[in-house]
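One line per chain: the protein sequences are A and B, in this order. Number 203 marks the last residue of the first sequence (the numbering used here); no jumps. Number 436 marks the last residue of the second sequence (the numbering used here); no jumps.
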Amino acid sequence: MIVNIIGTWIAAGLTIAILSFLYKDNPLYKFAEHLYVGVSAGFGVIYVWAFDLKPMLIDRFIENQGVERWILLVPAVLGLLMLSRWFGKIGYLSRLPLAFTVGIGAGLGITASIQGFLLPQIQATLLPLTTINNIILVVGVITTILYFYFSRDFKGPFKYLLELGIIFIMVSFGASFGYTVMARISLLIGRIFFLLSDWLRII
Amino acid sequence: MRNQLPLIIVFATGLLVIVTFFIPHEPFGSLEQRFLVWYSIVAGFTMLLGLDSLVRYHLIKIRDRRSGWGYSLVLLSGLFVTLILGFYSWARYQSPFKLGSPFMYLYSYVIIPLQATMFALLAFFIASAAYRAFRARTTAATLLLVSAVLVMLGRVPLGGWLWQKIVSLIDLLPGTNLSGLKGLEVFARISDWIMDVPQTAAKRGIYIGIVLGGIAMSLRIILGIERSYTSGS
Chain A
1 MIVNIIGTWI
11 AAGLTIAILS
21 FLYKDNPLYK
31 FAEHLYVGVS
41 AGFGVIYVWA
51 FDLKPMLIDR
61 FIENQGVERW
71 ILLVPAVLGL
81 LMLSRWFGKI
91 GYLSRLPLAF
101 TVGIGAGLGI
111 TASIQGFLLP
121 QIQATLLPLT
131 TINNIILVVG
141 VITTILYFYF
151 SRDFKGPFKY
161 LLELGIIFIM
171 VSFGASFGYT
181 VMARISLLIG
191 RIFFLLSDWL
201 RII
Chain B
204 MRNQLPLIIV
214 FATGLLVIVT
224 FFIPHEPFGS
234 LEQRFLVWYS
244 IVAGFTMLLG
254 LDSLVRYHLI
264 KIRDRRSGWG
274 YSLVLLSGLF
284 VTLILGFYSW
294 ARYQSPFKLG
304 SPFMYLYSYV
314 IIPLQATMFA
324 LLAFFIASAA
334 YRAFRARTTA
344 ATLLLVSAVL
354 VMLGRVPLGG
364 WLWQKIVSLI
374 DLLPGTNLSG
384 LKGLEVFARI
394 SDWIMDVPQT
404 AAKRGIYIGI
414 VLGGIAMSLR
424 IILGIERSYT
434 SGS
């Protein structure tokens, strides 16, 4: 279809425009960069409207009855108060919805993170020291945590624990780095393949 | 009161979220879920604040003909075309995310290529950063280098090929026969082991530290010790 062919040409042009940054910062790249920011912001607005405000506020307000309906005015008013920043004199009112979101975040920061992350991670570390891998895992977790314990200066034999912690941290960072490089290279291969296959039809 | 009311709201909501966790019965039972919905709604409104800030900044830049104002025009055009296509697709197809709608066309042929190429570009900068970080000058840098190289070798066909060449070279020595080891994919196994054991150990240690720090900060916020969020506006 002609529409798809035009789309492929647009996509190829934008891909080359971004890749042109490898030569140097140039108007073509800046054009693509600004376009990216603009369309991403537009996409974000549509996404928030489609998956957040409309189903959670508008649709529920229309469908629900009684208390369940009118209680939705609370988040709606809080949301509108957030926009009070536009009006200088009453701008301080935006602190109220902000406080609400911070409060929920702080509450969840305690309960959800303990239940959903801290306890499962500790549980997964409480392993029988019967295999080399289990020993390495347990020692690695403990020494890494000790490395970030800044309240006490480790001296004497304890400092070797910190050195062991550094070894684990460096191996981990190296592995994460290698993994990230592979992901980026795979994306690059994807874009080159798109140019050679979908656009130029060479391969 | 202007300063006290936000602190009271933070204390009350924070405490209620914690209480609902320990008392999963009405009226507290569904409160956490309800609060999460409200949280999403309020967060949705903040998108308007961000949009206003973006549009205002670039409109002023265009009005004053500041350096690069043409790019601001491109940005705003991209923004409004996306919004128009989004709401048009909504009206026409009942959802902007329906395959074949103009909005999805824009997503497939503009947003995806731009996003993927932008991230692919990082491959080159990562390579240049790697050159600086991986020079084996200290033990720590050497460890970083070795683990990164092993993980990369384990995830590309080159690793398998290299292992076969190593085995073939050793086989050239008199009295050795290691041809059975050729199919072992040693680099892939080493890479998996690094990811599963030492990497997991350090990552877990770091994450546990982050969560403990997060809990301490949450407590400070709920108890009103940490008040930085009340500044501004």
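We treat Cβ as the ideally placed atom computed from N, Cα and C, and that holds for glycine. What you are looking at is a predicted structure, and each value in this text was computed from that prediction instead of being measured.
1) List, in order along the chain, the chain B residues whose C-beta lies closer than 7 Å to that of Val-37/A?
2) How long is the line joining the alpha carbons of Thr-111/A and Ile-221/B, rounded to whole angstroms?
3) So, at 7 Å on beta carbons, what are the nonlocal neighbours of Ile-192/A in its own chain, with the 5 sequence-adjacent residues on each side left out?
4) Does chain B have any CB closer than 8 Å to the CB of Gln-123/A?
5) State whether the region 285-298 of chain B contacts the region 37-51 of chain A, with contact taken as three or more CB pairs (one from each stretch) at a distance under 8 Å.
6) Candidates Tyr-92/A, Leu-146/A and Tyr-23/A: which alpha carbon is nearest Leu-164/A's?
7) Determine the DSSP secondary structure at Ser-436/B, reduced to helix, strand or coil.
8) Would DSSP call Tyr-36/A helix, strand or coil?
9) Output needed for Gly-271/B: all residues of its chain with C-beta closer than 8 Å, excluding positions within five of it in sequence on either side, in chain order.
10) When you compare the CB of Phe-221/A with every CB in chain B, is at least one pair closer than 8 Å?
11) Rounded to whole angstroms, what is the Cα-Cα separation between Leu-96/A and Val-414/B?
12) Out of curiosity, what's the CA-to-CA distance linking Ile-142/A and Tyr-242/B?
13) Buried or exposed: Ile-373/B, going by 16 or more other Cβ atoms within 10 Å of its Cβ?
14) For the region 341-378 of chain B, which segments carrying the alpha helix (DSSP H) assignment without a break, of at least 4 residues, lie completely within its bounds, in sequence order?
15) Checking contacts by CB at 8 Å: is Val-389/B closer than that to chain D?
16) Would DSSP call Lys-30/A helix, strand or coil?
17) Taking only beta carbons into account, state which residues of the region 86-105 of chain A come closer than 8 Å to chain B, listed in chain order.
18) Under 8 Å, Cβ to Cβ, is there at least one residue of chain A near Leu-365/B?
19) Beta carbon of Val-277/B, beta carbon of Ile-10/A: below 8 Å?
20) So with CB distances below 7 Å, who are the chain B contacts of Pro-75/A?
21) Would a C-beta distance cut-off of 8 Å place Val-240/B and Gly-174/A closer than the cut-off?
22) Give the DSSP-derived three-state secondary structure of Ile-145/A in the structure shown.
23) Give a single yes or no on whether Ile-221/B has its beta carbon closer than 7 Å to a heavy atom of the ligand GDP.
24) If the cut is a Cβ gap below 7 Å, which residues of chain A does Arg-407/B touch?
25) For a quick check, are the C-beta atoms of Ser-84/A and Leu-98/A less than 8 Å apart?
26) Near Gly-363/B, what residues of its chain come up, given a Cβ to Cβ distance below 6 Å and the 5 sequence neighbours on each side ignored?
27) With burial defined as no fewer than 16 other Cβ atoms inside 10 Å of the residue's Cβ, what is the status of Tyr-23/A: buried or exposed?
28) Can you find a CB in chain A that lies within less than 8 Å of the CB of Asp-255/B?
29) At a cut of 8 Å, does the region 1-10 of chain A reach the region 312-330 of chain B through at least three beta carbon pairs?
30) Start and end of the alpha helix (DSSP H) containing Ala-319/B?
31) Closest to Leu-210/B by C-alpha separation, out of Gly-427/B, Ser-434/B and Ser-431/B, would be which residue?
32) Using the rule of at least 16 other Cβ atoms within 10 Å of the residue's Cβ for burial, across every protein chain shown, is Pro-75/A buried or exposed?
33) Within the continuous alpha helix (DSSP H) that includes Trp-396/B, where are the two ends?
34) How is the alpha helix (DSSP H) around Tyr-260/B delimited, first residue to last?
35) Name the two residues that bound the continuous alpha helix (DSSP H) containing Phe-283/B.
36) Compare the C-beta of Ala-294/B against all C-beta atoms of chain A and say whether one is closer than 8 Å.
Let me lay it out:
1) Within chain B, the C-beta atoms nearer than 7 Å to that of Val-37/A come from Leu-278, in chain order.
2) Going by the C-alpha atoms only, they are around 6 Å apart.
3) Taken in chain order, the list of residues that qualify is empty.
4) No, Gln-123/A lies away from the interface with chain B (no Cβ there is under 8 Å from its Cβ).
5) Touching, per the Cβ criterion.
6) The shortest CA-to-CA distance from Leu-164/A to any of Tyr-92/A, Leu-146/A and Tyr-23/A is the one to Leu-146/A.
7) Because the pLDDT at Ser-436/B is just 47, under 50, the model does not fix this residue reliably, and the point stays unresolved.
8) Three-state result, Tyr-36/A: helix.
9) In its chain, beyond the 5 residues on either side, Lys-264 have a beta carbon closer than 8 Å to the beta carbon of Gly-271/B.
10) Only positions 1 to 203 of chain A appear in the structure, and residue 221/A is not among them; the question remains open.
11) CA-CA distance, Leu-96/A to Val-414/B, rounds to 26 Å.
12) C-alpha of Ile-142/A to C-alpha of Tyr-242/B: approximately 36 Å in a straight line.
13) Classification for Ile-373/B: exposed.
14) Here the runs fully enclosed are 342-356 and 360-374.
15) Annotation note: the requested chain D is absent from the structure, which comprises protein chains A and B.
16) In this structure, DSSP gives Lys-30/A a helical state, which the three-state scheme calls helix.
17) Answer in chain order: Trp-86, Gly-91, Tyr-92, Ser-94, Arg-95, Leu-96, Pro-97, Leu-98, Ala-99, Phe-100, Thr-101, Val-102, Gly-103, Ile-104 and Gly-105.
18) Not an interface residue.
19) Ile-10/A is positioned such that its CB atom lies no closer than 8 Å to that of Val-277/B.
20) Within chain B, the residues placing a beta-carbon under 7 Å from that of Pro-75/A are Trp-241, Ile-244 and Val-245, ordered along the chain.
21) Inclusion of Val-240/B and Gly-174/A in the CB contact set at 8 Å is not warranted, their separation being larger than that value.
22) Helix.
23) Among the components modelled here there is no ligand, and therefore nothing to report on the ligand GDP.
24) Chain-order list of chain A residues neighbouring Arg-407/B: Gln-121, Thr-125 and Val-141, by C-beta distance under 7 Å.
25) Going by C-beta atoms, Ser-84/A is not nearer than 8 Å to Leu-98/A.
26) Within the same chain, Gly-363/B has close Cβ partners Glu-388.
27) Label assigned to Tyr-23/A: exposed.
28) At least one chain A Cβ lies under 8 Å of Asp-255/B.
29) A contact is defined here as three or more CB-CB pairs under 8 Å, and the region 1-10 of chain A meets this definition with respect to the region 312-330 of chain B.
30) Where Ala-319/B is concerned, the enclosing alpha helix (DSSP H) stretches over 315-336.
31) Ranked by how close their Cα comes to the Cα of Leu-210/B, the residues Gly-427/B, Ser-434/B and Ser-431/B have Gly-427/B in first place.
32) Buried.
33) Counted as a single uninterrupted DSSP element, the alpha helix (DSSP H) harbouring Trp-396/B occupies residues 389-399.
34) Residues 234-266.
35) Here the alpha helix (DSSP H) through Phe-283/B covers 272-296.
36) No, Ala-294/B lies away from the interface with chain A (no Cβ there is under 8 Å from its Cβ).
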